[in-house]
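Single-structure report; data block below.
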Amino acid sequence: MSEPLLYHSTRGAAEGAGIGEAIAAGLAPDGGLYVPEALPSLKPGDFDADGSLADTAARLLRPFFAGHALAAELPAICAEAFSFDAPLRPLPQYPGAAMLELFHGPSAAFKDFGARFLASCFRRLRQAGEPPLTILVATSGDTGAAVAAAFHGQPGVEVVILYPDGLVSPRQAHQLGCFGDNVRALRVAGRFDDCQRMVKAALNDAALQAQRPLSSANSISLGRLLPQMAYYAHASLRWWREHGRPLNFIVPTGNLGNALAAVWVREIGLPVGAIELACNANQTLPDYFAGAAYAPRAAVATLANAMDVGAPSNFERLRWTFPYDEDLRGQLASHSVDDAAIRATVLRHAAHGEVFCPHTATAMHRLDRRERQDDWAVVSTAHPAKFESVIEPLIGHSVPTPPALAAMLGRPAHAEALQASDQGLKAWLLDGAAPVQARRLG
Numbered sequence: 001m002s003e004p005l006l007y008h009s010t011r012g013a014a015e016g017a018g019i020g021e022a023i024a025a026g027l028a029p030d031g032g033l034y035v036p037e038a039l040p041s042l043k044p045g046d047f048d049a050d051g052s053l054a055d056t057a058a059r060l061l062r063p064f065f066a067g068h069a070l071a072a073e074l075p076a077i078c079a080e081a082f083s084f085d086a087p088l089r090p091l092p093q094y095p096g097a098a099m100l101e102l103f104h105g106p107s108a109a110f111k112d113f114g115a116r117f118l119a120s121c122f123r124r125l126r127q128a129g130e131p132p133l134t135i136l137v138a139t140s141g142d143t144g145a146a147v148a149a150a151f152h153g154q155p156g157v158e159v160v161i162l163y164p165d166g167l168v169s170p171r172q173a174h175q176l177g178c179f180g181d182n183v184r185a186l187r188v189a190g191r192f193d194d195c196q197r198m199v200k201a202a203l204n205d206a207a208l209q210a211q212r213p214l215s216s217a218n219s220i221s222l223g224r225l226l227p228q229m230a231y232y233a234h235a236s237l238r239w240w241r242e243h244g245r246p247l248n249f250i251v252p253t254g255n256l257g258n259a260l261a262a263v264w265v266r267e268i269g270l271p272v273g274a275i276e277l278a279c280n281a282n283q284t285l286p287d288y289f290a291g292a293a294y295a296p297r298a299a300v301a302t303l304a305n306a307m308d309v310g311a312p313s314n315f316e317r318l319r320w321t322f323p324y325d326e327d328l329r330g331q332l333a334s335h336s337v338d339d340a341a342i343r344a345t346v347l348r349h350a351a352h353g354e355v356f357c358p359h360t361a362t363a364m365h366r367l368d369r370r371e372r373q374d375d376w377a378v379v380s381t382a383h384p385a386k387f388e389s390v391i392e393p394l395i396g397h398s399v400p401t402p403p404a405l406a407a408m409l410g411r412p413a414h415a416e417a418l419q420a421s422d423q424g425l426k427a428w429l430l431d432g433a434a435p436v437q438a439r440r441l442g
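Quick note: the sequence shown uses my numbering, first residue 1, plus one each step.
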């Protein structure tokens, strides 16, 4: 077995951990995020030109799992997680550009890939006789449903989803509350940043952890972040082989996990070119990349609600990757797209037969504004049918619902009310998670 790769906290006060320990914990003991002691180096020739997305994922992630028993399981884990495609299709309105569609999984959002990978890892990491593990998930709309779908019915695991009440789309809310069994949904009287803060506080509470073992399935978890690198690697390698040039990406961005995955693929040596972060009206990242000091702030509600984040967690990992502001600002561009521009973009492309979700529309808006679109890929993060209350009134007709999403919407759903309080979540967890003010959804 090769020498184990260790993972350290972005805050530097925790001992190194193996990949299994880092995935199981979610968050480092000092409150930081786990990062590898060094990123590996790979080149295009290391990958099978005829390999599937799952094959690319297994080869890409092998160095990250070096020295751990999970390394031998990687092909099977990736086959389970990447059982649907992430097609890179041409954009007819822009010859030379493409769209990377990441919404073909069970919950119709890109987070299905990472959630299913994480669930497959947990199935192999858990030992017989261990107490049940509670996975806490803060979601701004899409993460929770992906994690719920991935872990629903999995023995020994309970999932608790926190989402901002009234700040996700009706269909997103229904998805979050429609599973039951080992999945519970909490509608928090606050914003996503409150949900994220509450989850981090619980994970860092040693006394709580002693009574109810906890982990995370947000993009703070390596088990979510690492597999998201696979579709960027697969798409960029395909483009490189066909065109002989790197592929640039415009990534709709909220908590920075999806964008960081693209950055790390470029850093390990694969042919990813420029990376632009398309943000909504939340200005934390655009202001920083324009030269202002990094200043987290309260999130504002937008049409692209899954990106309503004012304090992106993965900025810590981005700073670990590029420790100096000048260097970091030279690696990425970031722009804000407001609701008016989102509406205008959806309308403009619907006239040509293309319907995008509000998040994808932020990236399309940025592509529309480029002088040249050659070798650029827009990352499409969710199916527009998840946001029918926004999209359908704009375009004047219904959006066909994917079968898996339709099945979720056909089930009854409910969520439980919770105040935006760290102590409130702790009390809820210690009280045995008895139902509180259950409300039927849909």
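All residues carry an ideal CB built from backbone N, CA and C; glycine is no exception.
| When you compare only the Cα positions, how much space is there between alanine 404 and alanine 385? | Indexing the sequence shown from 1 puts residue 404 at position 404. Indexing the sequence shown from 1 puts residue 385 at position 385. Looking at the two C-alpha atoms, the distance is approximately 12 Å.
| query | With burial defined as no fewer than 16 other Cβ atoms inside 10 Å of the residue's Cβ, what is the status of tyrosine 231: buried or exposed? | reply | For this step, residue 231 is matched to residue 231 along the sequence shown. With 16 or more Cβ atoms within 10 Å of its Cβ, tyrosine 231 is classed as buried.
| Range covered by the beta strand (DSSP E) that runs through histidine 8 | By 1-based counting over the sequence shown, the position of residue 8 is 8. Run containing histidine 8: 7 to 9, per the beta strand (DSSP E) assignment.
| field | Opposing strand residues paired with tryptophan 376 [DSSP bridges] | value | Translated into the one-based positions of the sequence shown, residue 376 becomes position 376. According to DSSP, tryptophan 376 bridges with Asn248.
| Can you check whether the CB of valine 309 is closer than 7 Å to the CB of alanine 299? | Here residue 299 refers to the residue found at position 299 when the sequence shown is read from its first residue. Here residue 309 refers to the residue found at position 309 when the sequence shown is read from its first residue. Their beta carbons are under 7 Å apart, which means alanine 299 touches valine 309 by this criterion.
| task | Over the uninterrupted beta strand (DSSP E) stretch that includes arginine 126, give me the two end residues. | result | As a working mapping, residue 126 is identified with position 126 in the sequence shown. From DSSP, arginine 126 is part of no beta strand (DSSP E); its letter is neither H nor E.
| When you compare only the Cα positions, how much space is there between glycine 16 and alanine 28? | Looking up residue 16 in the sequence shown gives position 16. Looking up residue 28 in the sequence shown gives position 28. Cα-Cα distance, rounded: 9 Å.
| Using a Cβ-Cβ cut-off of 8 Å (strictly less than) and excluding sequence neighbours within five positions of glutamine 154, which residues of its own chain qualify? | Reading the sequence shown from its first residue, position 154 is the one you call residue 154. Excluding sequence neighbours, glutamine 154 sits near Ala119, Phe122, Arg123 and Asn182.
| query | In or out: proline 112 buried (at least 16 other Cβ within 10 Å) or exposed? | reply | Position 112 of the sequence shown, counting from 1, holds the residue named residue 112. First, the residue type needs correcting, since residue 112 is aspartate and not proline in the sequence shown. Looking at its Cβ environment, which holds 16 or more other Cβ atoms inside 10 Å, aspartate 112 is buried.
| said: I'd like the list of long-range same chain contacts for asparagine 258, defined as Cβ closer than 8 Å, with 5 residues on each side in sequence excluded. | reply: Looking up residue 258 in the sequence shown gives position 258. Phe110, Ser219, Gln228, Val251, Pro252, Val379 and Thr381, listed in sequence order.
| task | Please check the pair proline 44 and proline 63, which I expect to be a contact at CB under 8 Å, by giving their CB distance rounded to whole angstroms. | result | If you number the sequence shown from 1, residue 44 lands on position 44. If you number the sequence shown from 1, residue 63 lands on position 63. Actually they do not touch by this definition, with Cβ atoms about 15 Å apart.
| field | Among His8, Glu3 and Pro4, the one whose alpha carbon lies nearest that of threonine 321 | value | As a working note, residue 321 is residue 321 in the sequence shown. Answer by Cα proximity: His8.
| field | cysteine 279, DSSP secondary structure in three states | value | Position 279 of the sequence shown, counting from 1, holds the residue named residue 279. Residue state, collapsed to three classes: strand.
| task | Indicate whether valine 159 and glycine 141 have their beta-carbon atoms separated by less than 7 Å. | result | Here the question's residue 159 lines up with position 159 in the sequence shown. Here the question's residue 141 lines up with position 141 in the sequence shown. No, the Cβ-Cβ distance between valine 159 and glycine 141 is not below 7 Å.
| said: Using a 10 Å radius around the Cβ and a threshold of 16 neighbouring Cβ atoms, would you call glycine 26 buried or exposed? | reply: The residue labelled residue 26 in the question sits at position 26 within the sequence shown. So glycine 26 ends up on the buried side.
| said: Buried or exposed, going by whether 16 or more other CB atoms sit within 10 Å of the CB of aspartate 50? | reply: Sequence index remark: in the sequence shown, residue 50 carries index 50 (1-based). By the neighbour-count rule (16 or more Cβ atoms within 10 Å), aspartate 50 is not buried but exposed.
| query | So, do the region 413 to 429 and the region 183 to 202 have three or more beta carbon pairs nearer to each other than 8 Å? | reply | yes
| field | Own chain partners of serine 389 with C-beta closer than 7 Å, once the 5 adjacent residues on each side are dropped | value | The residue given as residue 389 occupies position 389 in the sequence shown. Cβ neighbours of serine 389 beyond the five flanking positions: Ser169 and Pro170.
| At which residue ranges does the region 206 to 275 contain complete beta strand (DSSP E) runs of 3 or more residues, listed in the order of the chain? | 214 to 216 and 247 to 252
| task | Confirm, please, whether the CB-CB distance from alanine 261 to glutamine 196 is below 7 Å. | result | Within the sequence shown, the letter at position 196 stands for residue 196. Within the sequence shown, the letter at position 261 stands for residue 261. Contact flag unset, no.
| said: Please state the DSSP three-state secondary structure of glutamine 419. | reply: The residue given as residue 419 occupies position 419 in the sequence shown. Strand.
| said: Suppose contacts are defined by Cβ-Cβ distances below 7 Å. Is leucine 451 in contact with leucine 332 by that definition? | reply: Lying before the first or after the last residue shown, residue 451 is absent from the chain, which here runs from 1 to 442.
| C-alpha distance - alanine 311 paired with arginine 191, whole-angstrom precision | Taking the sequence shown and counting its residues from 1, the one referred to as residue 311 is at position 311. Taking the sequence shown and counting its residues from 1, the one referred to as residue 191 is at position 191. In a straight line, the C-alpha of alanine 311 is about 11 Å away from that of arginine 191.
| query | Nearest-angstrom Cα distance between glycine 273 and tyrosine 324? | reply | Walking along the sequence shown from the start, residue 273 turns up at place 273. Walking along the sequence shown from the start, residue 324 turns up at place 324. Near 21 Å, if we compare the C-alpha coordinates of tyrosine 324 and glycine 273.
| If you draw a straight line from the C-alpha of arginine 245 to the C-alpha of glutamine 373, how long is it? | Translated into the one-based positions of the sequence shown, residue 245 becomes position 245. Translated into the one-based positions of the sequence shown, residue 373 becomes position 373. Each residue's Cα considered, the two are about 14 Å apart.
| In whole angstroms, what is the alpha-carbon distance linking alanine 407 and alanine 149? | Along the sequence shown, one-based indexing puts residue 407 at 407. Along the sequence shown, one-based indexing puts residue 149 at 149. The alpha-carbon atoms of alanine 407 and alanine 149 are separated by roughly 12 Å.
| Contact check, arginine 366 vs histidine 335, beta carbons under 7 Å | Position 366 of the sequence shown, counted from the first residue, corresponds to residue 366. Position 335 of the sequence shown, counted from the first residue, corresponds to residue 335. Against a cut-off of 7 Å, the Cβ pair of histidine 335 and arginine 366 comes out as a contact.
| query | What is the rounded straight-line gap between the Cα of arginine 212 and the Cα of leucine 133? | reply | Indexing the sequence shown from 1 puts residue 212 at position 212. Indexing the sequence shown from 1 puts residue 133 at position 133. Answer to the nearest angstrom: the Cα atoms are 7 Å apart.
| message | My output table needs one value for methionine 1: the three-state DSSP class, helix, strand or coil. | response | Within the sequence shown, numbered from 1, the residue matching residue 1 stands at position 1. For methionine 1, the predicted model reports a pLDDT of 47, less than 50, meaning its position is unreliable and no value from the coordinates is stated.
| Rounded to a whole number of angstroms, what is the C-alpha to C-alpha distance between glycine 105 and leucine 42? | Locating residue 105 in the sequence shown gives position 105, counting from the first residue. Locating residue 42 in the sequence shown gives position 42, counting from the first residue. Each residue's alpha carbon lies about 28 Å from the other.
| query | Do you know offhand how far glutamate 276's Cα is from proline 286's? | reply | Position 276 of the sequence shown, counted from the first residue, corresponds to residue 276. Position 286 of the sequence shown, counted from the first residue, corresponds to residue 286. Rounded to whole angstroms, glutamate 276 to proline 286 spans 10 Å at the Cα level.
| Just to confirm, are alanine 58 and leucine 5 a CB contact at a threshold of 7 Å? | Your numbering for residue 58 matches position 58 in the sequence shown. Your numbering for residue 5 matches position 5 in the sequence shown. No, the Cβ-Cβ distance between alanine 58 and leucine 5 is not below 7 Å.
| Contact under 7 Å by Cβ, alanine 108 with proline 402 | Taking the sequence shown and counting its residues from 1, the one referred to as residue 108 is at position 108. Taking the sequence shown and counting its residues from 1, the one referred to as residue 402 is at position 402. Cβ atoms of alanine 108 and proline 402: closer than 7 Å.
| request: Drop a sphere of 10 angstroms on the beta-carbon of aspartate 165, count the other beta-carbons inside from all chains shown, and report buried for 16 or more, exposed for fewer. | output: Translated into positions along the sequence shown, residue 165 becomes position 165. Classification of aspartate 165: buried, given that the 10 Å Cβ count is 16 or more.
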